[in-house]
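Visitor: Sending over a structure as structure tokens; questions will come in a sec.
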Amino acid sequence: MTIQDINTTRRGFIAGSGLVIGVAIAPKMLSAAPTGVHAGGDPALAPMNAFVKIGTDDTVTVLSKHIEFGQGPFTGLATLVAEELDADWSQMRAVHSPTDNKVYANLMFGLQGTGGSSSIANAYEQMRKAGATARAMLVVAAANEWKVPASQITVQKGRIKHAASGKESGFGAFAEKAARLTPPAEPKLKDPKDFVLIGTDLPKLDTHGKTNGTAIFTLDITPNNLLIAVVAHPEHFGATVKSFNDAEARKVQGVVDVKQVPSGIAVYADNTFAALKGRDALSIEWDLSKAETRSSEELSADYRKLFGEKGLEATNNGNVDNAFKAPGLQTVEAEIVFPFLAHAPMEPLDAVFIKADDGSVDIYNGAQFPGMDQEVAAKILGLDQSKVRVNTQLAGGSFGRKAQFGSPYIQEAAAVYAATDRSRPLKHMWTREDDIRGGYYRPMYAHRMRGAINAQGQITAWEQVIVGQSIMGKADLDPTSVEGASNLPYTIPNLKVSAHNVQLAIPPLWWRSVGHTHTGFAVETFVDELFQKIGKDPVEGRLALLGEKPRHAGVLKKAAEMANWGSPVPEGRARGVAVVESFGTFVGQVVEVSVGPEGAPRVHKVWVAVDCGVAVNPNVIKAQMEGGVGYGLGAVLFDAVTLAKGGKIVQSNFHDYRSIRINEMPDVAVEIIKSSEKPSGVGEPGVPPVGPAVANAWRHLTGAPVRQLPIVNIVSA
Amino acid sequence: MVTFTLNGQERTFDGDPDTPLLWVIRDFEKLTGTKYGCGVAQCGACTVHLDGMPRRSCVTTIATIEGSEVVTIEGVSGTEADAVKTAWTGLDVPQCGYCQSGQIMSAVALLQMVPKPTDADIDGAMAGNICRCATYHRIRAAIHNAASAMEG
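Chains A and B supply the protein sequences, listed in that same order. Numbering that gives the first Met the number 0 puts the first residue of the first sequence at 0, with every later residue one more than the last. Numbering that gives the first Met the number 0 puts the first residue of the second sequence at 0, with every later residue one more than the last.
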């Protein structure tokens, strides 16, 4: 691909319907992308509205306002459109939409963005309306052409028909004419009982290109004359460059330039290896005066000192203090410390910058908040926002990593590009080491729990204190620190949950399922311990306290039924259970665990029941549950980013920040609860229950509660 | 100057002999199906076939492959490759998809050596390939399906 190729494919498209705003921009090489069409939609296609374009070849292209990084929005949003359009699945395509915070806003956020497992939830009606609108316009166009009443026209599986006259056509023949019509104000949506595509296992639209190497990710964009840039970062959070010597780096064959940028020292080279070799040859002295120099152990001790102090109140029902003073109580206490976690998506952060002839700049990146990226980059590049086009690309995972307030990654990448004369396209990339050591972690948290059980074996009081950074950067209570605990699903008369915000130089971020990563673990392991103390079965005990939470109870019962809970467990194994609601989706899991060869838990089987309202694509839902189990399990078993004495980051790559591997992956069975509730997301909710379910099974098996993560540390300690 | 075969075509490379094969394939040959994931042979995203055997191209310097045959995801073909790709598509294995070229190259190599692999064989051959989306459950099933299809 050359820059010229890119320029020739840049064309604005104008809406016949008046609904389309935006510009389609794509490198030509994307013609080989998984969906077989240009990102933003081929400009030659007829735009029916901002989300749907139809080609003369009958293809229907859905412009996804949400980034596709494996969680399935291309397939999901296309399903919603196809359903109301009465298209055939084989004619459906999907591409990323252009960047526009208004037209392509996430209706839950008010700006364009993917996160919070919200893609299907926020777009459910919007995409169906987009499909229904396009259908109505095609019908009118056909009626006009055939000179028959629109009411006599039917559409089925991509064919427009008028039975009386025998006339029949695909969509393509009427696309141009339909696009010029005024869209109906309120298109009629189907009654869910008439759905033919929603609720079926349609094959994913992005699978093909992801099995033959043709799917294009940001890292794969390789225009001619491309400059590769990497940045040398400090090994302490908050450190800055004191001085550096680049003499050896500049001697490396292929290194073009070395420059200081706000986040470190940037090395520019003709190819990736030269950039990396050049970076290795730098000699840098770092200023640690503002750096975090405490170790993880010291941080943990400092966090726990806050348990006794007055925190930010999240929930205070009944009177916890009095309840603990009642006579004849048994009390249970637990402290649990959660480590920093890196997201470690397979594709580390990267971005490509290409200047057009008019000085405007195209950015290609896995943009989770593309409008924010655009705003931030424009400022740094000294350009009007209209002169910066963010082209969202398929991303090799994210798990939250690419959803950042103020786009700090794009700040670095744009600063690196801005330091050049922009005569060459530039790709800025992070290595795995940059990624593991780059901060924006799931923060470290410490929980202290106290529970009271009365003489009748009832849980009368629950107190929980949560200490950690505010992901939202709040001075007052951050709901993401306490979600899942402050709204404890169990009916307990006296409940008090509070939090302490901690300030650190280590930037925090949401990590797949956010607060539920730690609150789910703390709540579900602690309640399990209380039931053990009382002598209640973990499933029966939970159900008895979930009287007001039928959807929690529903997935719990289903998972227990799938696992044949209560049946004999194979010798040397134990079962554990957990149920967590996150992002409006309810997931119950039962796991079966033994002691593995290295003394760590070996998880054999996970039974998952999920209630996410209307199941748009059961195949994608099951895949997200399977993946969520693996992602969550890997983290609780193996992962921590730790700071050594003096504050230096210990881990650097997959050898010491382990990922779960195929030999450690349990068998996973998933069942979806049939529901007519509004659909909710599935990208994150599979993650939270697996950790506590495994810890509960481990406690049943070994007698040892899990008070510190990852589990492998306590086993090897 | 290093001469090697890439997907059946003779190629030469006269840059830094320390350059890993991965970056020769991606930066110089512009074949981008082979991915960077770790650079230290921990994740397998860069897996190619070198003289018929799976190899992590990120730690294979170009100077060491004089005269070798390199096959990437773009060039892999034959009964096993067809069966694996069909099985992958049939089960919708990929999520983000970034690691899948490497997964497929490892799976094809496994089936070339062991046409009817057991779960233990799959663990042994595939444990070097990380998938952060954790599509392992479907990878295992797809390999079994591919083996069955080859048998049939």
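Think of the CB as a built atom: it goes at the ideal place given N, C-alpha and C, for glycine as much as any other residue.
(1) Can you tell me whether residue 167 (chain A) is buried or exposed, with buried defined as 16 or more other CB within 10 angstroms of its CB?
(2) Taking C-alpha atoms, which residue in A:445, A:300, A:499 and A:246 lies nearest to residue 469 (chain A)?
(3) Mind the definition here: the segment 41 to 60 of chain B touches the segment 70 to 80 of chain B only if three or more C-beta pairs lie below 8 Å; say whether that holds.
(4) So what does DSSP say about residue 78 (chain B), is it helix, strand or coil?
(5) Would you call residue 654 (chain A) buried or exposed, if buried means 16 or more other Cβ atoms sit within 10 Å of its Cβ?
(6) What are the residues in the segment 4 to 30 of chain B lying within 9 Å of chain A by C-beta distance?
(7) Is there a C-beta anywhere in chain A that falls below 8 Å from the one on residue 134 (chain B)?
(8) Between residue 408 (chain A) and chain B, is the shortest Cβ-Cβ distance under 8 Å, so that the two count as touching?
(9) Can you pull the DSSP bridge partners for residue 467 (chain A)?
(10) For residue 93 (chain B), return the contacting residues in chain A, with the cut-off set at a CB-CB distance below 7 Å.
(11) Measuring CB to CB, does residue 589 (chain A) end up less than 8 Å from residue 635 (chain A)?
(12) Rounded to the nearest angstrom, what separates residue 437 (chain A) and residue 190 (chain A) at their Cα positions?
(13) In chain A, which residues lie with their C-beta within 8 Å of the C-beta of residue 54 (chain B)?
(14) If contact is defined by three or more beta carbon pairs under 8 Å, each pair taking one atom from either stretch, is the segment 545 to 556 of chain A in contact with the segment 607 to 615 of chain A?
(15) Checking contacts by CB at 8 Å: is residue 121 (chain B) closer than that to chain A?
(16) Count the CB pairs spanning the segment 494 to 508 of chain A and the segment 455 to 470 of chain A that are closer than 8 Å, and state whether there are at least three.
(17) Is there a Cβ from chain A that is less than 8 Å from the Cβ of residue 73 (chain B)?
(18) Using a Cβ-Cβ distance cut-off of 8 Å, determine whether residue 782 (chain A) contacts chain B.
(19) Among the residues of its own chain, which have a CB less than 6 Å from the CB of residue 114 (chain A), if the five just before and after it don't count?
(20) So residue 372 (chain A) and residue 422 (chain A) are in contact, right, with Cβ under 8 Å, and what is the actual spacing, rounded?
(21) For residue 637 (chain A), which residues from the same chain have a beta carbon less than 6 Å from its beta carbon, with the 5 sequence-adjacent residues on both sides left out?
(22) Using a beta-carbon distance below 8 Å, is residue 216 (chain A) in contact with chain B?
(23) For residue 66 (chain A) and residue 519 (chain A), which I take to be in contact (beta-carbon distance under 8 Å), what is that distance rounded to the nearest angstrom?
(24) Between residue 22 (chain B) and the rest of its own chain, which residues show a CB-CB distance below 6 Å, the 5 nearest in sequence each way excluded?
(25) So is residue 654 (chain A) in contact with chain B if we call contact Cβ pairs under 8 Å?
(26) Cα separation between residue 341 (chain A) and residue 516 (chain A)?
(27) On the DSSP letters alone, give me the boundaries of the beta strand (DSSP E) that residue 263 (chain A) sits inside.
(28) Under the rule that 16 or more other beta-carbon atoms within 10 Å means buried, what is residue 104 (chain B), buried or exposed?
(29) Could you round the C-beta distance between residue 417 (chain A) and residue 379 (chain A) to whole angstroms and report it? I think they count as a contact, below 8 Å.
(30) Rounded to whole angstroms, what's the CA-CA distance from residue 733 (chain A) to residue 323 (chain A)? Just pull it up for me.
(31) Name the residue from A:399, A:450, A:393 and A:97 whose alpha carbon lies nearest to the alpha carbon of residue 208 (chain A).
(32) Select from the segment 97 to 120 of chain B all residues with a C-beta closer than 7 Å to any C-beta belonging to chain A, and list them in chain order.
(33) Closest to residue 29 (chain B) by CA distance: which of A:387, A:46, A:120 and A:212 is it?
(34) Let's test the definition: count the other Cβ atoms within 10 Å of the Cβ of residue 272 (chain A) and tell me whether it reaches 16, buried, or not, exposed.
(35) Specify the secondary structure class of residue 564 (chain A) as computed by DSSP and reduced to three states.
(36) What do you get for residue 36 (chain B), buried or exposed, if any count of 16 or more other CB atoms within 10 angstroms of its CB means buried?
Guide: In short, the structure shows the following:
(1) exposed
(2) A:499
(3) yes
(4) helix
(5) exposed
(6) Those residues of the segment 4 to 30 of chain B that come within reach of chain A (Cβ to Cβ, closer than 9 Å) are 14, 15, 17, 18, 19, 21, 22, 23, 25, 26, 27, 29 and 30.
(7) yes
(8) no
(9) A:444 and A:500
(10) Using a Cβ-Cβ cut-off of 7 Å, residue 93 (chain B) is close to 206, 209 and 210 of chain A, given in chain order.
(11) Going by C-beta atoms, residue 589 (chain A) is not nearer than 8 Å to residue 635 (chain A).
(12) 49 Å
(13) Chain A residues near residue 54 (chain B): none, gap ~16 Å exceeds 8 Å.
(14) Touching, per the Cβ criterion.
(15) yes
(16) Flag = yes, the segment 494 to 508 of chain A and the segment 455 to 470 of chain A touch.
(17) yes
(18) A query on residue 782 (chain A) cannot be resolved here, the shown segment of chain A reaching from 0 to 716 and no further.
(19) 402
(20) About 23 Å; that fails the 8 Å criterion.
(21) Excluding sequence neighbours, residue 637 (chain A) sits near 657, 709 and 711.
(22) For residue 216 (chain A), the answer is yes, since a Cβ of chain B falls inside 8 Å of its Cβ.
(23) Not a contact, Cβ separation roughly 25 Å.
(24) Exclusion of the five residues before and after residue 22 (chain B) leaves no residue of its chain whose Cβ lies closer than 6 Å to its Cβ.
(25) yes
(26) 13 Å
(27) 263 to 268
(28) buried
(29) Separation of the CB atoms of residue 417 (chain A) and residue 379 (chain A) is rounded to 5 Å, and the pair is thereby assigned contact status at 8 Å.
(30) Examination of residue 733 (chain A) is not possible in this model, given that chain A is present from 0 through 716 alone.
(31) Looking at A:399, A:450, A:393 and A:97, the one whose alpha-carbon comes closest to that of residue 208 (chain A) is A:393.
(32) 97, 98, 99, 100 and 103
(33) A:212
(34) buried
(35) coil
(36) buried
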